[in-house]
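What follows is a single structure, written as structure tokens, with notes after it.
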């Protein structure tokens, strides 16, 4: 039974979620070193999670002899140098989302770890939620036919840490913070071998006094003809809205990951207690989540990462995926400026995907457009005439 | 107590819904003449709804001495000539949606009825659903602040009559069939005096062997900065998906008008019975609607139309609205071809709308970006420094 | 086209709902006289609803020459004398729920109107909600097989008027105020010809400083074997909970009539506005209803009442139904005291209902207990052996 | 880092769920021996779950030198002898629910393990679901005030294995199979130190040709005055209905653990795949669960059991809890026969719980019955007069 010893770089909200996951249930792996810029934060984090070592030296954390795996849970502008330092140390590196601030930076990171040959996992948790995993498995088993459209939505009232709001450090607003999740969710449903061709994006800064956008909607056209659609916002009111919708030629999937999951509470506001990440109030109707780290995918994500290491295979999400995500976001930002569809420019490593196709049925030589069962049991068909292509209906 | 006597032109599904509404509950108004192209359909309709006169002469129907109001429930390509004939007869005309196949045609219809001075109502039922009316009233009362984004979605497996599928007769696919609903829903939420500036649209024919699109997503940018988004499809599986979502600076509204309205039934398929418009199956879990003509807005729509006539005022939806809808759809079609944002070209009759604005709060001279109450009751603020514009957080 | 002229006795919340309904949409019938104990309330009501006559004389209201129908919307202890006065005047009488404070009183009311031969309708709105009507129609069409169990729940934080809380005036607490609704809902689903045999009831006064119960749960056993279950409370927090669940041998129905009907709003509390009857807050997540008088059944109820008068037939709900309801509530109160099942004592006017029966299937002579399709497509059966009655499973 | 080596006794559905949990994610503990009555089933199970040892000797399984913990996943009639054999071997024993067929048997089991001093855990998974754990924590933190009522419902179309249907082996029908879950859920919400006083139960065999009941509803009165209510059925149609509702003096909780958890799929039935435990169909609208073993509580349950062993403390659910559950079920069965409330006869080990109390507010010396904010901002109060106890309302 293998286990891993982790250095956690960063003590923000995401570091808490990661460590809560690693130290949760009967997990074998542990955080043995934590790094923060200030000793106070490092110590407080170490105490909170019972971690033996706390340091303000990133070098020491990475190179600590107990450590075989380093988790990068730092602001976006520090990913490149940090990942390179871990690769130099020859250790496994797991980097939080997004991989980088843009595709160029992401590509340098990707190339570096590939050159060094270290294990590199991309910590995109939302494609590991139990619902997502099961839904993708259903799609792959053919339950909804060919996917035609995917909507992925993540909106909330804005992030918790100051650096997110600084466009230099973050690389953008919610497109970068939240769109990166949505893009991987969409790619998983349309198929990761389905090349993203072009992107159309609207973005605007409607509410907050910042340089970055605070709202955006983007359309992504894939080679098969499928459309991906992401909606992100830092001005949503009411909590965190995490929903995905998938349309296929033979089915439909709707996922709600946060506010309507079968847990509803009305409270007069008596008592005390944390409701859920980014909940906006603690009285009235609130919609908690049972086990957030499980529901948000962290548990299955780390399981996949460590199992991949143990089995000497690639994880479901690797740095190439992170790079693709950045390439799509870059196209989105270009489209905001150009006001037209922009091609996704990047190195494509997968093959090609055929057009969505559905062979029509025929009735007496006419093409069947639609069939419907009437209340009296008869079947009504909309047909296209075999000779002149005209449309007519027929009840049989 | 005034009442109206109606000529119903057309005996398709929409004619049934309209007549079911007019003859429902304790309504004062009645259909006294029905017109269809074939006597058989006219007679069958007249018998079904207890209508004294059935004819294949549109002229006779319109000019029947009992009739004061004519409802045009015919395919899109017949609207112009029919409305003009009603206007020539000097009677009130109520025309089903969309008003026309394009803005040019719509403008001719609008100009004609205005010249003739007859009462003209646009039968856009979905802005009259009880939920919509109440939601718009809440928005107008300020319950969600300024509207920033509206999503309106209408998708189902395709229309019931052959002519819808013929792009010449219909003027388009689901953009024209369903998008017209969504556009008025969006306009009502962002404010009808809020000018639609430009449109970006994706459309594709993914599944059906037709010339028209069978799927489309469009973005509409309004003068205030608000974004409208409509999603339409004739390839959705699972029934009819009618949902609207509204985001505002101080609130959120989610409406579901069809499949998740508090009525859930699992049936082994025994018994017989109509479940709901465009339901895809009659066994397993089904989601009926209580009173479809009320829930879909027909009741409130006709109430408004006849009350407007009686009170000598304009109805909530008039032919100018129909014309605006066509102008937006025209821009959408142009955008599908040009692959860029297209301006909405039309005669604007309302004033101008100011930009969405939210005055920031200040704390000690710094701009407050975000406030959050921590589990322990303290308040965490993301602030923007009054001097250098840098972002930092503060817990007080 | 017939229309009715109504005297409204009472100006409380229910009088408002009734009048809003009668004066709503394109309804033909009008309230022409309103009675209240104080002229001020009568005048205010008359002004609010545009009613020509307002009086403090019940006699004058009932005998007003314009009036053909009298609606009794008064506290429970006034029903008997008022209904008798209307019957003496020879006018149609519509009485709000419950008919009386107990079955004895109800029986006297019933006998009196039958003797006088006036039209008498029992205003039980919740069996007229569009959802309920459609659900009952589905049950009657066989969609869920034989009904085995019905749960009807109505709970809220307590009524609006003082007299409800006075056990002398009301005849009880929520059993009388809310249980009466639930009982008719249950009877409609199990079949009104299905005799209620016995009742078991728990009740307690847990929160409010009153003599009446403030919480109760009752079980009603019907002749067919079906079980009805009602849950009522004046201490529920979060709004008004109106839900019904029906189990049948071949299906299931779940109805939610108030707080989860596809209308969800989060509001920061800006703006102003009424959310819904008995909503507990006007900020945070709230769940409005589109058109309350339609959704709560008032529209269909009055339509049935007046159509019944016009067609010279009985309404769906008559005073005999009101009497049955009181008889069941009486048994419930007796059971609270005796702590055992109590028979329902009353005059039964319908026939008898056979026991729920489901003929078992047989496989090779063995009784099939259960069939299940395995993921691999095989069928697993639980069988009961034809010879010794033992249970075994078999996969085929 | 401690880990445990488990003998799994039994290879039915529950053995699969348990082993899937133990071998899931990065869990430290493993099943090292499996026992079944037939070698074929033991081997197949061992292969499915990669277990090194498979045997038909229960003695060998229990006494295998690698094993420190034995999981009893066998039919109810085998629990007593099996648990005793494990206790004799001096190993930790974890027994599936229910602990026994009746309280007498349960008490003998409890006494035996206490005498032998072995660790004994009661595998009641549904009080370990993430939603339940969080909801109970909220209740304990005071979020809904004092609990007044708990409804726990578990219904489905019937169990998978033949022995469940045999009243001799099982000890009863769904009261024993499903009611045991509900009772512990209820106890957790009202407080485990809150003594169950008496039980009222209805049960009937409505559909299946069996001796046991197939439907039951029970009421449990606790010392505080709170009411528990469980509803169980083997004739429910539509899947598995697992819902809990909790009412408190200051709040409300609704939990849905299975069919409405934010995962909705419509499928034409193409593809293949398991939807969820006890799903009734694989086409149309289906409602899968993301990670069943996590959502159903198995993960947190085993975590608590093994952590309790490692920390030398009692688990959340022990054999005394199992005994209490049996005592309540015994009272339920007695009540079915006697048709009256039956006391719960058992050895109570906790203290006493005070009556639910809510101190009323006073206004000007009058008792406040209810406060309500009117649409115009004024407050309407129902008051009880300080002198004569009469009820009146006041708007201030």
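Residue numbers (the numbering used here), protein chains in the order written: chain Y, 81 to 476; chain F, 81 to 476; chain D, 81 to 476; chain V, 81 to 476. Note that beta-carbon positions come from the ideal geometry of N, C-alpha and C, so glycine has one too.
Under the three-state reduction of DSSP, residue 422(D) is assigned to strand. At a cut-off of 4 residues, the continuous stretches assigned as alpha helix (DSSP H) that sit fully inside the region 172-244 of chain F are 183-196, 210-220.
CA-to-CA, the gap between residue 367(Y) and residue 211(V) works out to about 11 Å.
Straight across, the Cα-Cα distance linking residue 409(V) with residue 327(V) is about 23 Å. Contiguous beta strand (DSSP E) elements confined to the region 279-348 of chain V occur at 295-302, 307-313, 321-328, 331-336, 343-347, taking only those with 3 or more residues. In the three-state reduction of the DSSP assignment, residue 372(D) falls in the helix class, which pools H, G and I. DSSP, reduced to helix, strand and coil, places residue 473(V) within a strand of the structure shown.
Around the beta-carbon of residue 117(Y), fewer than 16 other beta-carbon atoms lie within 10 Å, marking it exposed. Contact of residue 338(D) with chain Y is not assigned, every C-beta pair being separated by 9 Å or more. Annotation for residue 364(F): the continuous beta strand (DSSP E) segment containing it runs 364-366.
Residues of the same chain with a CB within less than 7 Å of the CB of residue 349(F), apart from the 5 flanking positions on each side, are 362, 363 in chain order. Of the candidates 465(V), 205(V), 324(V), the residue whose Cα lies closest to the Cα of residue 444(V) is 465(V).
Rounded to whole angstroms, the separation of the alpha carbons of residue 196(F) and residue 190(F) is 10 Å.
For residue 141(Y), the CB contacts under 7 Å within the same chain, skipping 5 residues up- and downstream, are 87, 89, 113, 115, 135 in chain order.
Under the three-state reduction of DSSP output, residue 107(F) falls in the strand class. Residue 263(Y) carries a helical assignment under DSSP once its states are collapsed to helix, strand and coil. In the DSSP secondary-structure assignment, residue 85(V) is bridged to 110(V). Assignment of residue 276(D) by DSSP, reduced to helix, strand and coil, places it in the strand class.
Here DSSP, grouped into helix, strand and coil, assigns residue 143(V) to helix.
Exclusion of the five residues before and after residue 98(Y) leaves 88, 151, 153, 378 as the residues of its chain whose Cβ lies within less than 7 Å of its Cβ.
Under the three-state reduction of DSSP output, residue 430(D) falls in the coil class, being neither helix nor strand. The region 288-306 of chain Y makes contact with the region 261-270 of chain Y, as at least three CB pairs between them are under 8 Å. Going by beta carbons, residue 402(D) and residue 174(D) fall outside the 9 Å limit.
Inclusion of residue 125(D) and residue 91(D) in the CB contact set at 9 Å is warranted, their separation being smaller than that value. Inter-segment contact for the region 246-264 of chain D and the region 214-221 of chain D is absent: fewer than three beta-carbon pairs are separated by less than 8 Å.
Judged by DSSP secondary structure, residue 159(Y) falls within the alpha helix (DSSP H) whose first and last residues are 159-168. The bridge partners DSSP lists for residue 133(D) are 113(D). Collapsing the DSSP output to three states places residue 452(V) in a strand.
Neighbours of residue 128(D) in chain Y, taken as residues at a C-beta separation under 7 Å, are lacking, since the least C-beta distance is about 30 Å.
When Cβ-Cβ separations below 9 Å define contact, residue 295(V) makes contact with chain D. By the CB criterion at 9 Å, residue 310(F) and residue 292(F) fall outside the cutoff. Residue 449(D) holds the alpha-carbon nearest to the alpha-carbon of residue 469(D) among 194(D), 449(D), 370(D). With a beta-carbon spacing of about 14 Å, residue 107(V) and residue 110(Y) fall beyond the 8 Å limit used to define contacts. The beta carbon of residue 143(F) is closer than 7 Å to those of 169 in its chain, skipping five residues each way along the sequence.
Secondary structure note for residue 102(D): its alpha helix (DSSP H) is the uninterrupted segment 93-102. Three or more Cβ pairs closer than 8 Å define a contact, and the region 274-281 of chain V meets that threshold against the region 414-424 of chain V.
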